[in-house]
Amino acid sequence: MISVAIEKELKVYRGRHILKVNYQFAPGSVTKIYGPSGAGKTTLLKIIAGLIHPEQGKIIAGKETWLDTTAGINLTPQKRMPGFVFQDYALFPNMTVAEHLAYASTDRAWIERLLQLGKLDSLADHKPIYLSGGQQQRLAVLRALAIRPKLLLMDEPFSALDPETKSELINGLKILFKEIVPTVLIVSHNPQELDGWADDELYIA
Ligand SMILES: Nc1ncnc2c1ncn2[C@@H]1O[C@H](COP(=O)(O)OP(=O)(O)OP(=O)(O)O)[C@@H](O)[C@H]1O
């Protein structure tokens, strides 16, 4: 169970907006997170990962307290270690596809499976600049999976994919998730793409 109770003042143009979330994510569940642009969906994922610090809050993952502003507890992102798919991918320009995955895992068979899942096996020696937008996005997803994360935070992970590629990737992810059983949070502007997959949904206003 990942239990999140946070408050964060967002820096919005001409005003104040408080992001307030009180939610529990069941172990192994897939939750879609949706809501209007600027509501704070990306900020929420970054707060859970430990990349943004909220003014107030508590985050408990299983038996471990990741954040407790009252008790002064704030685990680093490295200690929380979620898989994170950034909205802008955040790939390393000087690393090839294979190097991105080798950086995260030494399990060659696992890396091979991921490359096949993302249809990037024939592009393993390419750097991001030689990949299409959709290929870059798939690499960002594969890199997040390489560590076999117990918590997977994905920010618009399918936005650059055509419908067929998207549905193939989602089918592959469903199989992989049965093995690694991560708790998954997916921010999506197209919530229908998660119909029949997401167990739960969280609206951020
Ligand atoms: N570290 C931060 N501290 C305070 N405010 C922030 C911080 N990072 C971003 N913001 C502000 O929070 C607001 C919400 O941004 P965020 O990217 O979380 O929204 P979003 O719901 O993901 O939007 P979109 O759907 O357009 O991607 C923005 O106005 C942004 O300027």
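Note that UniProt numbering has the sequence shown beginning at 1, numbered continuously upward.
Glycine included, each C-beta is placed from N, C-alpha and C at the ideal position.
The structure displayed is predicted, hence computed values, not measured ones.
List the DSSP bridge partners of Glu7.
-> The bridge partners DSSP lists for Glu7 are Lys20 and Gln56.
Is Leu44 helix, strand or coil when you go by DSSP?
-> Look at Leu44 here: in three-state DSSP terms it is helix.
Is Ile2 near ligand 2, with its Cβ less than 7 Å from a heavy atom?
-> Although ligand 2 was asked about, the structure shown includes only ligand 1 as ligands.
Return yes when at least one heavy atom of ligand 1 lies under 7 Å from the C-beta of Gln56, else no.
-> No, the beta carbon of Gln56 sits no closer than 7 Å to any heavy atom of ligand 1.
How would you call Gln24, buried or exposed, if buried means at least 16 neighbouring beta carbons within 10 angstroms?
-> Per the 10 Å Cβ criterion, exposed.
Can you tell which of Tyr13, His17, Val21 and Gly15 has the C-alpha that lies nearest to the C-alpha of Ile2?
-> Checking every option, the nearest Cα to that of Ile2 belongs to Val21.
Would you say the beta carbon of Lys32 comes nearer than 7 Å to a heavy atom of ligand 1?
-> Lys32: no, Cβ never under 7 Å from ligand 1.
Any heavy atom of ligand 1 within a distance shorter than 7 Å of the CB on Lys20?
-> Because no heavy atom of ligand 1 lies under 7 Å away, the Cβ of Lys20 does not count as near it: no.
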